[in-house]
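Here the first sequence is numbered in the working numbering, starting from 123 and rising by one per residue.
What follows is a set of notes on a single structure, which appears directly below.
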Amino acid sequence: MRRYNPSEIEPKWQDIWQESGRYRAVDNSEADKFYVSCMFPYPSGAGMHTGHAFEHAIVDTIARFQRAHGKNVMNPMGWDSFGLPAENYAIKTGVAPGVATKQNIANFKNQLKRMGTSIDWSRELNTSDPEYYRWTQWIFTKLYERGLAYQNESLQWWCPVDKTVLANEQVESGKCWRCGSEVIKKSMKQWFFSITDYADPLLEELDNLDWPNKIKTAQENWIGRSEGASIDFETDSSEDKITVFSTRPDTIFGATFLVLAPEHPLSLSLASREAADSVKDYVASAVKKTEIERQSDDKEKTGVFTGAYGINPANGEKMPIWVADYVLGGYGTGAVMAVPAHDERDNAFAQKYELPIVAVVENSSDSQAIITGEGSLVNSGAFNGRQTSDVREEIVSWLESRGVGKAEVTYKMRDWLISRQRYWGAPIPIIHCPEHGAVAVPESDLPVMLPEVEDFAPKGDGMSPLARQTDWVNTTCPSCGQPAKRETDVMDGYACSSWYLLRFTDPQDAEQAWKPELANYWAPVDYYVGGDHAVAHLLYVRFWTHVFHDMGLLDFKEPVKKLVYHGLIQAEDGTKMSKSKGNVVDPLDIIDQGYGADALRTFELFLGPINENSSWSSGGIAGIYRFLNRIWTLSQEYLEADYVQSKNDAAVRQLQHKTIKKVTDNYRRLSFNTAIAGLMEYVNELYKLKTDGFSDAAWREALETLCLLVSPVAPHIAAELWEQLRGETSIESAGWPTWDDKFLVSDTITIVVQINGKLRGTIEVATDADPDDVKQIAAELDNVQRHLTDGEIKKIIYVPKKLVNIVV
RNA sequence: GCGGAUGUGGUGGAAUUGGUAGACACGCGUGCCUUAGGAGCACGUGCCCUCGGGCGUGAAGGUUCAAGUCCUUUCAUCCGUACCA
Numbered sequence: 123m124r125r126y127n128p129s130e131i132e133p134k135w136q137d138i139w140q141e142s143g144r145y146r147a148v149d150n151s152e153a154d155k156f157y158v159s160c161m162f163p164y165p166s167g168a169g170m171h172t173g174h175a176f177e178h179a180i181v182d183t184i185a186r187f188q189r190a191h192g193k194n195v196m197n198p199m200g201w202d203s204f205g206l207p208a209e210n211y212a213i214k215t216g217v218a219p220g221v222a223t224k225q226n227i228a229n230f231k232n233q234l235k236r237m238g239t240s241i242d243w244s245r246e247l248n249t250s251d252p253e254y255y256r257w258t259q260w261i262f263t264k265l266y267e268r269g270l271a272y273q274n275e276s277l278q279w280w281c282p283v284d285k286t287v288l289a290n291e292q293v294e295s296g297k298c299w300r301c302g303s304e305v306i307k308k309s310m311k312q313w314f315f316s317i318t319d320y321a322d323p324l325l326e327e328l329d330n331l332d333w334p335n336k337i338k339t340a341q342e343n344w345i346g347r348s349e350g351a352s353i354d355f356e357t358d359s360s361e362d363k364i365t366v367f368s369t370r371p372d373t374i375f376g377a378t379f380l381v382l383a384p385e386h387p388l389s390l391s392l393a394s395r396e397a398a399d400s401v402k403d404y405v406a407s408a409v410k411k412t413e414i415e416r417q418s419d420d421k422e423k424t425g426v427f428t429g430a431y432g433i434n435p436a437n438g439e440k441m442p443i444w445v446a447d448y449v450l451g452g453y454g455t456g457a458v459m460a461v462p463a464h465d466e467r468d469n470a471f472a473q474k475y476e477l478p479i480v481a482v483v484e485n486s487s488d489s490q491a492i493i494t495g496e497g498s499l500v501n502s503g504a505f506n507g508r509q510t511s512d513v514r515e516e517i518v519s520w521l522e523s524r525g526v527g528k529a530e531v532t533y534k535m536r537d538w539l540i541s542r543q544r545y546w547g548a549p550i551p552i553i554h555c556p557e558h559g560a561v562a563v564p565e566s567d568l569p570v571m572l573p574e575v576e577d578f579a580p581k582g583d584g585m586s587p588l589a590r591q592t593d594w595v596n597t598t599c600p601s602c603g604q605p606a607k608r609e610t611d612v613m614d615g616y617a618c619s620s621w622y623l624l625r626f627t628d629p630q631d632a633e634q635a636w637k638p639e640l641a642n643y644w645a646p647v648d649y650y651v652g653g654d655h656a657v658a659h660l661l662y663v664r665f666w667t668h669v670f671h672d673m674g675l676l677d678f679k680e681p682v683k684k685l686v687y688h689g690l691i692q693a694e695d696g697t698k699m700s701k702s703k704g705n706v707v708d709p710l711d712i713i714d715q716g717y718g719a720d721a722l723r724t725f726e727l728f729l730g731p732i733n734e735n736s737s738w739s740s741g742g743i744a745g746i747y748r749f750l751n752r753i754w755t756l757s758q759e760y761l762e763a764d765y766v767q768s769k770n771d772a773a774v775r776q777l778q779h780k781t782i783k784k785v786t787d788n789y790r791r792l793s794f795n796t797a798i799a800g801l802m803e804y805v806n807e808l809y810k811l812k813t814d815g816f817s818d819a820a821w822r823e824a825l826e827t828l829c830l831l832v833s834p835v836a837p838h839i840a841a842e843l844w845e846q847l848r849g850e851t852s853i854e855s856a857g858w859p860t861w862d863d864k865f866l867v868s869d870t871i872t873i874v875v876q877i878n879g880k881l882r883g884t885i886e887v888a889t890d891a892d893p894d895d896v897k898q899i900a901a902e903l904d905n906v907q908r909h910l911t912d913g914e915i916k917k918i919i920y921v922p923k924k925l926v927n928i929v930v
């Protein structure tokens with residue numbers, strides 16, 4: 123008998139698949155389209171890890187399942203190849219980023235092939251390819267035209283190790299997302315995309331997305347919409363007014379002092395002569411601190427009195443003005459009215475510096491604590507006795523009528539900072555002209571090619587290595603032809619990955635970024651599979667797609683219909699796989715060891731629900747291999763033996779149809795672990811039934827069904843056995859098996875018998891048995907009688923076709 | 001703090017609407033077989049038990065004929081976020 127040998131059959135089918143081109147997605151086909159993809163990888167030198175293998179197992183299983191259902195499936199693949207790792211590697215070794223990237227991609231691609239993926243490679247794209255970034259740059263110029271790209275000098279996150287600025291989304295608890303260094307603030311002139319202009323649409327459309335709650339709320343919190351009021355406070359020492367933002371204008375009578383962020387433009391100029399030096403020192407040290415240092419101060423707030431006073435517009439009280447770094451420069455107006463009786467932070471600050479505390483809200487439920495919630499107003503003039511929540515708008519109108527305030531909405535999200543002072547990225551297509559300022563490079567001059575350089579290292583002077591390429595930098599102004607200089611910063615890699623899903627729909631187009639009819643046919647993505655990037659990437663893609671919609675380039679606003687968010691594959695001990703711990707499992711090793719790609723894929727999907735984290739298990743992979751081997755053996759026995767007697771065809775057929783129904787439903791719900799369990803059960807049952815004898819037709823059909831049902835997860839063994847059974851080399855064209863309910867009904871049915879909800883036995887009754895008869899039979903069971911001795915039956919509950927519960 | 005999850009055998013996990021808790025698999029145990037392989041096959045495996053049964057889904061209450069599932073309170077773990085006024 124032929125033995126199951128994945129290392130023999132898998133390469134065979136991988137070659138057939140690649141050469142046949144059968145996974146090519148057809149533009150504008152009659153069939154329903156289905157666009158599935160995962161977040162394209164950065165092609166690192168390390169190649170594929172278990173996480174990639176898991177992600178591709180998910181995508182490929184979905185793709186094959188949908189293809190079997192007759193869908194015109196697009197499963198494309200690309201490379202997010204700009205970025206720091208290639209560049210840092212280049213600095214270390216001198217190998218140009220482009221060269222290393224090319225090798226890495228070739229390696230990655232080969233590994234994906236060895237996984238048995240059904241990718242349409244004709245759509246392959248690569249963000250560092252000039253034919254790709256030409257359009258990334260084109261999009262930049264379009265955003266610039268629409269006023270959605272702008273330059274601004276301000277304090278920004280700066281990573282001292284990577285020597286570049288970072289977007290808010292790339293700073294994680296005060297540290298650089300790449301290298302983990304503590305970031306500092308640095309004032310620089312930078313390019314931004316106005317994502318805040320789209321804060322409301324991005325928030326509103328969230329409701330319509332079939333995405334996990336976790337991601338939706340993460341985005342909602344990140345956007346952080348707050349409704350409140352801006353209120354102006356007169357100051358005694360100058361003509362300047364201080365404008366604050368507050369979500370609680372109803373507590374204005376309790377505002378006893380004002381606090382400015384150290385970065386606030388007035389914090390130095392307002393200071394009195396006596397206070398000037400201490401304010402200056404405080405501001406200087408606050409700005410110099412890393413974000414970590416600022417946050418570590420959360421127990422002990424610090425600040426300094428400016429010597430100046432403001433006036434509370436509600437009651438005319440004098441309010442000392444302080445500068446403190448617990449007020450953030452970048453949020454709201456960078457200044458707050460402190461209401462120490464009803465805000466914990468203001469309270470802590472007031473306690474420390476002995477500032478006045480005036481209670482204006484009463485609330486019977488907790489008289490001891492600081493009342494931060496709603497209540498009834500006191501010490502609030504004409505508003506006394508009113509509920510805070512009721513009177514909030516009224517107070518804003520009152521302030522507005524006196525010209526000192528107005529309703530206002532503020533967001534936590536900031537504009538997207540996209541300049542990077544590095545080399546390996548798409549150059550920002552701008553030319554700075556002494557006469558015309560920043561001029562976008564015309565479409566006909568795109569792409570602005572990234573020049574080849576010798577020295578990739580950033581020097582930390584706030585300039586990209588490109589600034590040293592004087593031949594490249596010096597150019598002429600597109601408007602006037604006079605000498606001008608190129609922008610030397612490159613774009614954040616996230617810009618490149620914010621539109622690749624659209625490029626897949628028209629990947630070779632040399633005339634435009636995509637043809638609207640193709641993008642509108644394929645996109646939005648039906649299933650987008652990923653396990654990282656809750657906010658950054660998924661927010662940026664949404665932003666750009668909204669913009670493209672408004673530009674008339676797309677009929678839809680949202681790029682991704684359903685987001686399939688998967689968990690992590692951890693090491694066997696439940697900790698994160700890491701090189702330093704030496705517990706990394708290499709998926710290619712698993713294939714090489716002889717388990718094969720089918721076992722690897724099936725195993726990773728069997729570990730648990732895909733949206734949860736799971737741990738690798740070396741015993742588990744062997745168990746899956748055993749399962750595949752049992753499928754193989756079952757088929758070989760059939761092919762070699764000659765069973766003809768028919769005894770149990772009905773049982774085989776019922777099992778087969780029951781399994782089709784269950785497994786199909788599990789696949790549809792992306793519950794792959796239970797789909798595989800259902801297939802294992804099927805195989806186990808077939809092993810039991812085979813000793814009964816069966817007819818050739820029934821058994822063959824049962825085995826062919828097995829091949830079809832297992833083909834999305836384990837495509838190689840399915841294709842091979844299908845060929846052995848049918849002599850056909852394309853299981854893909856066989857469609858998906860269907861079930862017929864008529865095979866699922868049987869003459870008798872098992873009814874559970876309970877007494878007071880406790881199981882006392884089961885009975886077999888005719889499917890169409892009379893309810894009274896069933897109750898009767900149940901009550902007469904020996905085991906039921908035994909438990910009924912000392913009680914009389916109060917009533918009998920009968921759930922048709924399920925159970926009888928006798929209540930005593 | 002706030003937000004999002006998750007708690008079920010020795011382990012990973014099943015159980016769409018409340019209706020036989022523990023499917024399937026790992027591990028473990030017993031037996032069979034052999035061309036000794038990474039074997040294969042069959043059976044068993046929640047806990048306790050005086051072998052009648054009793055107890056069991058983080059904990060405590062509640063609703064119900066019936067609760068892993070619904071309600072209330074509470075504890076633990078993980079993830080995200082972080083002075084957002």
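Ideal Cβ positions, reconstructed from N, Cα and C, are used throughout, including at glycine.
Excluding five sequence neighbours on each side, which residues of the same chain lie with their C-beta closer than 6 Å to the C-beta of R508? For the purposes of this step, residue 508 is taken as the residue at position 386 of the first sequence. Within the same chain, R508 has close Cβ partners L499.
With DSSP run on the structure shown, which of helix, strand or coil describes C618? Taking the first residue of the first sequence as 1, we reach residue 618 at position 496. Of the three classes helix, strand and coil, the one that applies to C618 here is helix, per DSSP.
Between the C-alpha atoms of W594 and A548, what's the straight-line distance to the nearest angstrom? By one-based count along the first sequence, residue 594 stands at place 472. By one-based count along the first sequence, residue 548 stands at place 426. Cα-Cα distance, rounded: 14 Å.
Nearest-angstrom Cα distance between A481 and M613? Counting from one through the first sequence, the residue named residue 481 turns up at place 359. Counting from one through the first sequence, the residue named residue 613 turns up at place 491. Rounded to the nearest whole angstrom, the CA to CA distance from A481 to M613 is 51 Å.
Nearest residue (CA-CA) to T851, options D512, E130 and S142: In the first sequence, counting from the first residue as 1, residue 851 sits at position 729. Nearest option by C-alpha distance: S142.
Given that a residue counts as buried once 16 or more other Cβ atoms are within 10 Å of its Cβ, and exposed if not, what is T827? Taking the first sequence and counting its residues from 1, the one referred to as residue 827 is at position 705. That one is buried.
Compare the beta carbon distance of P709 and L690 with 9 Å and say whether it is the shorter of the two. Stepping through the first sequence from its first residue, residue 709 is reached at position 587. Stepping through the first sequence from its first residue, residue 690 is reached at position 568. No, they are not a contact pair.
Would you kindly report the start and end of the unbroken alpha helix (DSSP H) that includes Q715? Translated into the one-based positions of the first sequence, residue 715 becomes position 593. In this chain, Q715 is not harboured by any alpha helix (DSSP H), its DSSP state being neither H nor E.
Where P859 falls: helix, strand or coil (DSSP): By 1-based counting over the first sequence, the position of residue 859 is 737. The answer is coil: DSSP assigns P859 none of H, G, I, E or B.
Skipping 5 residues on each side, what residues in its chain have a beta carbon closer than 6 Å to that of A377? On the first sequence, residue 377 is found 255 positions in, with the first residue counted as 1. Cβ within range, chain order: N434, M459 and V461.
Name the two residues that bound the continuous beta strand (DSSP E) containing G584. Mapped onto the first sequence, residue 584 falls at position 462. Premise fails: G584 is in no beta strand (DSSP E) and is neither H nor E.
Could you check if I552 is buried or exposed, using at least 16 other CB atoms within 10 Å of its CB as the buried criterion? Counting from 1 along the first sequence, the entry for residue 552 is found at position 430. Counting Cβ neighbours within 10 Å, I552 comes out buried, since at least 16 surround it.
Specify whether the stretch 658 to 666 and the stretch 283 to 300 touch according to this definition: at least 3 beta carbon pairs, one from each stretch, less than 8 Å apart. yes
Could you give the distance in angstroms between the alpha-carbon of E726 and the alpha-carbon of K897? Numbered from its first residue, the first sequence carries residue 726 at position 604. Numbered from its first residue, the first sequence carries residue 897 at position 775. Looking at the two C-alpha atoms, the distance is approximately 47 Å.
Which residues does DSSP pair with T786 in a beta bridge? Taking the first residue of the first sequence as 1, we reach residue 786 at position 664. Residue pairing from DSSP leaves T786 without any beta-bridge partner.
Going by beta carbon distance, what residues of the same chain come within less than 7 Å of W861, once the five residues before and after it are set aside? Within the first sequence, the letter at position 739 stands for residue 861. Here the set comprises H779, I782 and K783.
Can you tell me which of the three DSSP states G350 falls into? Against the first sequence, residue 350 aligns to sequence position 228. In the structure shown, G350 sits in a strand (DSSP, three-state: E or B).
Should C301 be labelled buried (16 or more other beta-carbon atoms within 10 Å of its own) or exposed? Start at 1 with the first residue of the first sequence, and residue 301 comes out as number 179. Exposed, because fewer than 16 other Cβ atoms sit within 10 Å of the Cβ of C301.
Helix, strand or coil: how does DSSP classify A147 here? As a position in the first sequence, residue 147 is number 25, starting the count at 1. Looking at A147 - three-state DSSP - the assignment turns out to be coil, as it is neither helix nor strand.
If I measure Cβ to Cβ from T510 and keep anything under 8 Å in the same chain, skipping five residues before and after, which residues do I get? Here residue 510 is taken as the residue at index 388 of the first sequence, counted from 1. Closer than 8 Å at the Cβ level, and outside the excluded window around T510, lie R370, D372, T373, V483, E496, G497, S498 and L499.
Any non-hydrogen atom of the ligand MN within 8 Å of I743 CB: No copy of the ligand MN occurs in the structure displayed, which carries no ligand at all.
Exposure label - M571; buried when at least 16 CB within 10 Å: For the purposes of this step, residue 571 is taken as residue 449 along the first sequence, with counting starting at 1. Classification for M571: exposed.
Which residues in the same chain as V381 place their Cβ atom closer than 6 Å to its Cβ, once the five residues preceding and following it in sequence are excluded? The residue labelled residue 381 in the question sits at position 259 within the first sequence. So the list reads W444, A446, V449, V458 and A460, once near-sequence residues are dropped.
Using 9 Å as the threshold, is the C-beta distance between M199 and Y157 below it? Here residue 199 refers to the residue found at position 77 when the first sequence is read from its first residue. Here residue 157 refers to the residue found at position 35 when the first sequence is read from its first residue. Not closer than 9 Å, so no.
Under the three-state reduction of DSSP, which class applies to D818: helix, strand or coil? The residue you call residue 818 lines up with position 696 of the first sequence. Here D818 sits in helix by DSSP.
Taking 9 Å as the cut-off, decide whether the C-beta atoms of Y687 and G653 are in contact. The residue you call residue 687 lines up with position 565 of the first sequence. The residue you call residue 653 lines up with position 531 of the first sequence. Taking 9 Å as the Cβ cut-off, Y687 and G653 qualify as a contacting pair.
Where G507 falls: helix, strand or coil (DSSP): Within the first sequence, residue 507 is the residue found at index 385, counting from 1. In this structure, G507 counts as coil in the three-state DSSP scheme.
Runs of beta strand (DSSP E) lying entirely within the stretch 528 to 615, each at least 3 residues, in chain order: Correct list: 552 to 555, 559 to 562, 596 to 598 and 605 to 608.
What's the C-alpha gap between S489 and Y545? By one-based count along the first sequence, residue 489 stands at place 367. By one-based count along the first sequence, residue 545 stands at place 423. Because S489 sits at a pLDDT of 49, beneath the cut-off of 50, its placement in the model cannot be relied upon, and the following sentence gives the value as read from the coordinates. When rounded, the distance between both Cα atoms is 60 Å.
Beta bridge counterpart(s) of G169 as assigned by DSSP: As a position in the first sequence, residue 169 is number 47, starting the count at 1. Answer is none; G169 lacks a bridge partner.
For T357, is the classification buried or exposed, using 16 other Cβ atoms within 10 angstroms of its Cβ as the cut-off for buried? Counting from 1 along the first sequence, the entry for residue 357 is found at position 235. By the neighbour-count criterion, in which 16 or more other beta carbons inside 10 Å mark a residue as buried, T357 falls on the buried side.
For the alpha helix (DSSP H) that contains N229, what are its first and last residues? Locating residue 229 in the first sequence gives position 107, where the first residue counts as 1. Counting along the chain, the alpha helix (DSSP H) containing N229 begins and ends at P219 to R236.
Terminal residues of the continuous alpha helix (DSSP H) containing K897? Start at 1 with the first residue of the first sequence, and residue 897 comes out as number 775. Here the alpha helix (DSSP H) through K897 covers P893 to A901.
Short of 8 Å in beta carbon distance, which residues of its chain neighbour Q876, apart from the five on each side in sequence? Order them along the chain. Start at 1 with the first residue of the first sequence, and residue 876 comes out as number 754. So the list reads R882, L925, V926, N927 and I928, once near-sequence residues are dropped.
Considering only residues of the same chain and omitting the five flanking positions on each side of K916, which have a CB-CB separation below 7 Å? Here the question's residue 916 lines up with position 794 in the first sequence. Cβ contact annotation for K916 (same chain, cutoff 7 Å, sequence separation greater than five): V929 and V930, in chain order.
If you draw a straight line from the alpha carbon of Y126 to that of N751, how long is it in whole angstroms? As a first step, residue 126 is located in the first sequence; it is residue number 4 there, counting from the start. As a first step, residue 751 is located in the first sequence; it is residue number 629 there, counting from the start. Their Cα atoms are separated by approximately 6 Å.
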